[in-house]
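Enquirer:
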Amino acid sequence: MISLRQIEKSFAGGVTALKDFSLALEQGEFVSLIGPSGCGKSTVLSLIAGLAEPSVGEIALARQRVGFVFQEPTLMPWATVRRNVALPLELAGESGPIDALLAKVGLAAFAGAYPRQLSGGMKMRASLARALAGRPDLLLLDEPFAALDEITRFDLIGQLLALWQEARFTALFVTHSITESVFMSERVVVMSPRPGHVVGEIRIDEPYPRSPEFRAEPRYASWCGEVLHCLRAAMEQAA
Amino acid sequence: MKFLPAMIVGILFLAAWEGLVRLLQVPLFLLPPPSLIAASLAEDFPSLFDSLLFTLQITLGAFALASLGGIALAILFAHSRPIERAFMPYAVALQVTPVVAIAPLVILWVGLDNAWAALFILATLVAFFPVLSATLLGFRSVDGGLRNLFRLYGATPWQIFLRLELPSALPYMLAGMKVAGGLALIGAIVAEFVAGSGSATGLAWRIVEAGNRLNMPRMFAALALLSAAGIGLHWVLSAIERALLRHWHESQVEREPPSPRPSPARGEGVRG
Numbered sequence: 001m002i003s004l005r006q007i008e009k010s011f012a013g014g015v016t017a018l019k020d021f022s023l024a025l026e027q028g029e030f031v032s033l034i035g036p037s038g039c040g041k042s043t044v045l046s047l048i049a050g051l052a053e054p055s056v057g058e059i060a061l062a063r064q065r066v067g068f069v070f071q072e073p074t075l076m077p078w079a080t081v082r083r084n085v086a087l088p089l090e091l092a093g094e095s096g097p098i099d100a101l102l103a104k105v106g107l108a109a110f111a112g113a114y115p116r117q118l119s120g121g122m123k124m125r126a127s128l129a130r131a132l133a134g135r136p137d138l139l140l141l142d143e144p145f146a147a148l149d150e151i152t153r154f155d156l157i158g159q160l161l162a163l164w165q166e167a168r169f170t171a172l173f174v175t176h177s178i179t180e181s182v183f184m185s186e187r188v189v190v191m192s193p194r195p196g197h198v199v200g201e202i203r204i205d206e207p208y209p210r211s212p213e214f215r216a217e218p219r220y221a222s223w224c225g226e227v228l229h230c231l232r233a234a235m236e237q238a239a
Numbered sequence: 240m241k242f243l244p245a246m247i248v249g250i251l252f253l254a255a256w257e258g259l260v261r262l263l264q265v266p267l268f269l270l271p272p273p274s275l276i277a278a279s280l281a282e283d284f285p286s287l288f289d290s291l292l293f294t295l296q297i298t299l300g301a302f303a304l305a306s307l308g309g310i311a312l313a314i315l316f317a318h319s320r321p322i323e324r325a326f327m328p329y330a331v332a333l334q335v336t337p338v339v340a341i342a343p344l345v346i347l348w349v350g351l352d353n354a355w356a357a358l359f360i361l362a363t364l365v366a367f368f369p370v371l372s373a374t375l376l377g378f379r380s381v382d383g384g385l386r387n388l389f390r391l392y393g394a395t396p397w398q399i400f401l402r403l404e405l406p407s408a409l410p411y412m413l414a415g416m417k418v419a420g421g422l423a424l425i426g427a428i429v430a431e432f433v434a435g436s437g438s439a440t441g442l443a444w445r446i447v448e449a450g451n452r453l454n455m456p457r458m459f460a461a462l463a464l465l466s467a468a469g470i471g472l473h474w475v476l477s478a479i480e481r482a483l484l485r486h487w488h489e490s491q492v493e494r495e496p497p498s499p500r501p502s503p504a505r506g507e508g509v510r511g
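First to last, the sequence lines map onto chains A and B. The first sequence runs contiguously to residue 239 in this note's numbering. The second sequence runs contiguously to residue 511 in this note's numbering.
1) Using a C-beta cutoff of 8 Å, does A/E72 count as contacting chain B?
2) According to the Cβ coordinates, are B/L442 and B/I428 closer than 8 Å?
3) Quick one, are the C-beta atoms of B/A419 and B/V339 less than 8 Å apart?
4) Looking at chain B, which residues of the segment 26–41 of chain A have a Cβ within less than 7 Å of any of its Cβ atoms?
5) What did DSSP end up calling A/E166 once you bin it into helix, strand or coil?
6) Do the segment 44–54 of chain A and the segment 123–133 of chain A touch if we need at least three Cβ pairs shorter than 8 Å?
7) Is A/A103 helix, strand or coil by DSSP?
8) A/V241 bridges to which residues according to DSSP?
9) Going by CA-CA distance only, name the one from A/S55, A/S192, A/I204 that's closest to A/C39.
10) List, in order along the chain, the chain A residues whose C-beta lies closer than 8 Å to that of B/L388?
11) Verify the CB distance criterion: does A/G134 have a CB-CB separation below 8 Å to chain B?
12) Quick one: Cα of B/R445 to Cα of B/I470, how far?
13) Let me see if you follow: with CB-CB separation under 8 Å, is A/A216 close to chain B or not?
14) Name the chain B residues that come within less than 7 Å of A/Y114, Cβ to Cβ?
15) So B/L262 is in the alpha helix (DSSP H); what residue range does that whole segment cover?
16) List the whole-angstrom C-beta distance separating B/P272 from B/R261, where the pair is believed to meet the contact cut-off of C-beta under 8 Å.
17) Is the CB-CB distance between A/Q64 and A/I157 below 8 Å?
18) Verify the CB distance criterion: does B/P406 have a CB-CB separation below 8 Å to chain A?
19) If you measure from the beta carbon of B/G249 to each beta carbon in chain A, is any gap under 8 Å?
20) Along the segment 368–392 of chain B, what residues have a CB closer than 8 Å to any CB found in chain A?
21) Checking the sheet assignment: what are the DSSP bridge partners for B/T298?
Following this line, the structure appears as structure tokens:
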């Protein structure tokens with residue numbers, strides 16, 4: 001279990017990104033964190049990943065192996081796809097079934113290719129595979145699919161969910177897409193504008209695997225409506 | 240095939256030169272025809288070649304030292320702002336002072352008997368700065384996202400250096416070294432001009448000597464060797480750059496024909 005209690009994070013220059021932010025994740029849960037841009041969503045991920053320290057408050061992480069998928073693919077241009085994906089293992093002096101992982105994200109034929117030979121969607125697949133290579137207990141995703149076209153995005157979302165069901169890591173998915181958050185997660189946590197804190201959460205009681213048809217269901221639309229309502233209430237209150 | 244256009248231009252140029260010089264009966268001491276220069280080159284080849292070797296030794300030695308020193312210092316500067324602030328102004332000062340101006344001083348210090356050492360020092364000084372500044376820029380240009388990634392996965396400073404910073408800086412480093420190669424040659428020649436007779440027997444001295452004797456074909460022959468050396472150096476460095484970067488760096492992308500890609504038949508298949 002991961003818990004953040006009453007976190008505050010301010011940056012030099014006086015910007016307070018988070019104030020009184022609390023969030024708890026159960027092991028194996030898929031949670032989306034949604035909020036208006038600039039509300040500190042990405043800061044939450046940085047804090048959990050240990051890339052930044054909270055100004056106030058504490059974060060409890062019981063010895064988690066963390067995987068991180070950044071907004072950009074963030075691949076090393078000088079290394080092949082295989083070397084890129086293997087990086088977390090190589091840095092730790094371990095080895096693992098990289099080729100099997102590449103096959104799972106549909107990159108088996110591209111193991112020896114360099115990032116500049118790949119399309120945007122394929123780069124993201126490689127990035128996702130890399131995050132999973134270290135067999136994380138916790139996967140943090142920072143709007144990884146925002147820059148992709150919708151067809152590629154649906155495809156990648158499906159793959160991510162399949163991988164999650166198989167490995168059952170805890171997933172925290174930061175996004176500003178309501179439809180994405182509802183389609184993917186068990187729980188959508190809504191944040192207020194800056195300084196960000198949690199203003200509500202919506203449970204999505206839909207079994208997995210979720211088929212693409214779920215997007216056409218009335219209950220899907222009504223969950224999306226709930227998330228939207230919650231977001232708008234938070235923004236009106238802030239304004 | 241790639242060199243064909245340049246070769247055609249070269250041949251046309253030489254032919255025009257030869258023809259015009261003969262047609263207009265230009266005096267030999269002003270501009271000898273290429274045929275005479277070639278003959279002079281063949282005739283004096285042993286002594287010119289010795290001079291070429293001497294100049295090349297100085298150039299390559301200075302280039303190697305400048306590259307090593309520049310890279311080492313760039314690494315130091317990149318990892319310590321205080322050290323950079325303390326020493327960078329002096330590196331710049333050294334760079335902006337023309338080599339011709341400090342040449343007499345350096346020659347005096349090492350003594351005319353060791354003119355080669357003076358040439359070596361001066362060539363190194365000129366070649367050093369581009370490597371330093373380009374490499375430093377390279378180390379400063381490491382992608383922030385990748386840096387975070389390495390931190391996230393607990394990379395040691397040594398791993399960050401070897402696997403992230405060095406490869407990131409490599410294209411910059413090579414660009415700096417390419418400039419440095421040319422500058423080392425220029426430095427070696429300029430310094431030799433200043434050093435004058437003495438014990439130096441590089442190509443620069445052959446040029447001065449031939450000029451004094453109004454032996455223009457020999458002067459041009461020495462010049463031709465000199466530019467051949469410069470071109471050769473540049474070509475070797477470009478080849479090294481190409482070998483190291485061709486797989487991944489944008490500067491090496493071949494626009495035509497399209498670079499071979501693995502067949503995309505399977506990768507983008509629809510799933511889930």
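Positions of the beta carbon are idealized from the N, C-alpha and C atoms, including for glycine.
Expert: Reading off the structure:
1) Closer than 8 Å: yes.
2) Their beta carbons are under 8 Å apart, which means B/L442 touches B/I428 by this criterion.
3) In this structure, B/V339 does not lie closer than 8 Å to B/A419 by Cβ.
4) Within the segment 26–41 of chain A, no residue has a Cβ that lies closer than 7 Å to any Cβ of chain B.
5) Here A/E166 sits in helix by DSSP.
6) Segment contact: the segment 44–54 of chain A against the segment 123–133 of chain A, fewer than three CB-CB distances shorter than 8 Å; contact not assigned.
7) DSSP, reduced to helix, strand and coil, places A/A103 within a helical segment of the structure shown.
8) Nothing can be reported for residue 241 of chain A: it is not among the residues displayed for chain A, which extend from 1 to 239.
9) Looking at the Cα atoms, A/S192 is the closest of the given residues.
10) Within chain A, the residues placing a beta-carbon under 8 Å from that of B/L388 are F68, F70, T74, L87, ordered along the chain.
11) So, interface residue.
12) A straight line joining the alpha-carbon of B/R445 with that of B/I470 spans about 19 Å.
13) No, A/A216 lies away from the interface with chain B (no Cβ there is under 8 Å from its Cβ).
14) Simply H486, W487.
15) It spans 243–263 - the alpha helix (DSSP H) in which B/L262 sits, taken as one unbroken run.
16) About 6 Å; that satisfies the 8 Å criterion.
17) Taking 8 Å as the cut-off, the beta carbon of A/Q64 is found no closer than this to the beta carbon of A/I157.
18) Cβ-Cβ to chain A under 8 Å: yes for B/P406.
19) No, B/G249 does not count as interfacial toward chain A.
20) Residues of the segment 368–392 of chain B with a C-beta atom less than 8 Å from some C-beta of chain A are D382, G384, L385, N387, L388, F389, R390, L391, Y392, listed in chain order.
21) Paired residue(s): none; B/T298 is not in a bridge.
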